[in-house]
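The structure appears right after this line, and notes come after that.
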Ligand SMILES: [Zn+2]
């Protein structure tokens with residue numbers, strides 16, 4: 001489809017940009033002159049010009065004129081039907097930006113016309129535009145590659161490296177030529193600092209002899225923090241090798257450290273990484289199954305997974321109250337991770353996902369549905385009664401108007417009655433709408449659901465387990481008192497979809513849980529089947545009960561002997577204290 005040329009006299013706008021760089025072709029004034037001439041030749045009225053001066057073209061952020069132009073067209077009141085630009089590279093050099101804004105303008109019926117890109121009209125033109133966008137972006141990439149290439153050249157040729165040199169080195173100025181204005185072009189190379197060289201050697205020798213970093217630090221104070229030493233001991237510049245910009249420069253400088261000492265230190269560092277580094281909590285997937293759903297029973301703040309490694313005691317993982325950590329008004333003790341997690345899994349398997357409990361949930365649903373149905377019927381009866389009274393009254397008033405004429409008082413009353421009648425009719429219609437009748441699950445089906453869910457939970461990998469728990473459990477509130485922990489598990493009914501909103505207030509003596517927003521939908525991942533998640537809504541086994549309710553189970557999760565007991569006793573099953581369900 002060929003676009004029609006703009007009719008003579010049509011108002012158009014122009015956008016001019018000058019990136020300020022040296023490669024720049026035309027100043028704003030020159031761009032403007034040329035665009036004016038172009039418009040004049042076609043009889044177009046150039047009614048508005050947006051300008052951006054000396055801004056790099058890689059992003060539209062910070063381009064006030066560009067933003068003004070977009071605001072102008074987005075206001076919906078712009079009379080101009082076209083935007084004239086000097087060249088697409090003047091418009092935006094970033095592909096996503098250019099396509100987005102141009103598409104945005106097109107959608108508003110605004111054509112974007114470039115004076116200096118020869119673009120065919122129609123779909124082929126779009127394709128060409130996309131290619132141009134790509135080229136404009138490529139230009140920026142090439143530019144930065146050129147800059148990197150230039151830097152590498154300076155390193156290889158003069159040994160000059162930008163930035164702060166590593167410990168033990170100083171920056172020595174090197175004149176590498178003249179700038180265009182005649183001034184000297186000075187760069188810096190790194191050279192060992194004779195004052196610091198003995199200190200560096202000492203540090204490496206101590207490390208090679210097995211001295212811990214903390215002791216080296218206490219003695220030499222090379223850095224402010226202990227963290228910096230790892231990078232320090234691994235930097236090959238101390239044996240004369242510079243690594244910069246992905247390149248390695250052997251023999252960059254005189255080695256400070258003897259090669260043998262260096263190798264010994266590297267071996268020690270590697271062994272340490274093997275022992276501690278790979279198990280670092282931030283490097284492995286968080287092992288905490290319940291973060292995000294576990295809350296402090298004392299103050300209600302979320303619990304977070306906390307890992308400590310103590311000398312001689314090994315790794316210790318626990319859930320801690322975020323408020324207690326900040327010392328902000330809670331002193332809840334930490335709860336060992338494996339005890340809480342095992343207790344929650346056991347609670348799910350032994351109490352929540354059992355066929356008995358699921359059957360009970362179904363029964364609760366049924367009872368609630370029956371109660372709601374009875375309420376609707378009673379409501380409908382009352383409304384019908386009022387409806388027939390209204391009808392009578394309306395008939396009487398109509399008769400009175402026929403007799404006495406349209407008196408204002410009668411007309412007003414008639415109007416009010418008619419309004420009420422209409423409202424009641426709408427309500428009745430709503431009440432008589434057939435309610436989806438949930439099919440009762442047979443005991444066999446319930447057993448199957450129970451077995452399936454329990455199987456998923458027991459066999460899933462950690463990540464799937466985490467997802468499953470988030471799908472099943474809305475919230476776990478845990479309190480630890482001395483030797484035992486007690487918790488409340490608020491869970492979605494595994495039989496119904498979609499997940500419910502948080503109930504207003506759970507019944508019982510427990511503190512009301514704050515209502516979280518945006519609860520997750522229930523997703524179950526079949527283990528060993530497809531790796532995709534599927535929603536229970538689409539799962540034939542789990543769709544038969546309508547309505548969305550949720551259930552609260554109060555469980556004493558686990559007792560153990562003494563918080564300091566090294567090896568906790570085998571877990572005893574959580575004792576069910578009571579359970580309640582909340583239904584509308
Ligand atoms: Zn707390």
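Residue numbers (my numbering): 1 to 584.
Note that beta-carbon positions come from the ideal geometry of N, C-alpha and C, so glycine has one too.
Please read these numbers as outputs of a predicted model, since none were measured by experiment.
If you compare the alpha carbons of 75, 292, 208, 202 with that of residue 472, the shortest gap goes to 292. Distances taken from the Cβ of residue 300 to the heavy atoms of ligand 1 include one shorter than 8 Å. If you draw a straight line from the Cα of residue 367 to the Cα of residue 357, it is about 15 Å long. Boundaries of the beta strand (DSSP E) around residue 314: 314 to 321.
Residue 308 has 316 as its beta-bridge partners, per DSSP. The Cβ neighbour count for residue 250, taken over all protein chains shown within 10 Å, is under 16; the residue is labelled exposed. Its chain contains 353, 354, 355, 358 as the residues whose beta carbon lies nearer than 7 Å to that of residue 450, once the 5 sequence neighbours on both sides are disregarded; these appear in chain order. The shortest CA-to-CA distance from residue 31 to any of 43, 44, 49, 42 is the one to 49. Nearest to residue 18 by C-alpha distance, out of 45, 5, 52, 38, is 52. The DSSP-derived three-state label of residue 190 is strand. Put simply, the backbone Cα of residue 85 is about 15 Å away from that of residue 42.
Non-local C-beta neighbours of residue 78 in its own chain, meaning closer than 6 Å and more than five positions away in sequence, comprise 72, ordered along the chain.
In terms of Cβ geometry, residue 177 and residue 188 do not form a close pair [threshold 9 Å]. Per DSSP, residue 295 is one residue of the beta strand (DSSP E) stretching across 294 to 296.
Here DSSP, grouped into helix, strand and coil, assigns residue 65 to helix.
Nearest to residue 344 by C-alpha distance, out of 395, 173, 259, 465, is 465. Short note on residue 318: C-beta not closer than 8 Å to any heavy atom of ligand 1. Under the three-state reduction of DSSP, residue 17 is assigned to strand.
A contact is defined here as three or more CB-CB pairs under 8 Å, and the region 424 to 433 fails this definition with respect to the region 313 to 332. Going by DSSP, residue 46 is part of no alpha helix (DSSP H) but of the beta strand (DSSP E) stretching over 45 to 53. Taking non-hydrogen atoms of ligand 1 into account, the C-beta of residue 294 is found less than 8 Å away from none of them. Secondary-structure assignment with DSSP links residue 480 through a beta bridge to 485. Here residue 46 is not near residue 6, since their CB atoms are 9 Å or more apart. DSSP lists 185 as the bridge partner or partners of residue 177.
Under the DSSP assignment, residue 243 falls in the beta strand (DSSP E) whose first and last residues are 242 to 244. Contact between the region 160 to 172 and the region 195 to 205 is established, with three or more Cβ pairs separated by less than 8 Å. Each of 362, 463, 407, 397 was checked against the Cα of residue 446, and the nearest Cα belongs to 362.
Counting the other CB atoms within 10 Å of its CB gives residue 155 a total of 16 or more, which places it among the buried residues. For residue 114, the three-state secondary structure derived from DSSP is strand. Counting along the chain, residue 247 sits inside the beta strand (DSSP E) bounded by residues 247 to 249. The nearest non-hydrogen atom of ligand 1 is less than 8 Å from the C-beta of residue 332. A distance below 7 Å between beta-carbons, with the five flanking residues on each side excluded, links residue 400 to the following residues of its chain, in chain order: 410. Rounded to the nearest whole angstrom, the CA to CA distance from residue 252 to residue 237 is 8 Å.
If you look at residue 82, you'll find it in the beta strand (DSSP E) that goes 82 to 85.
Bounds of the alpha helix (DSSP H) holding residue 346 are 337 to 347.
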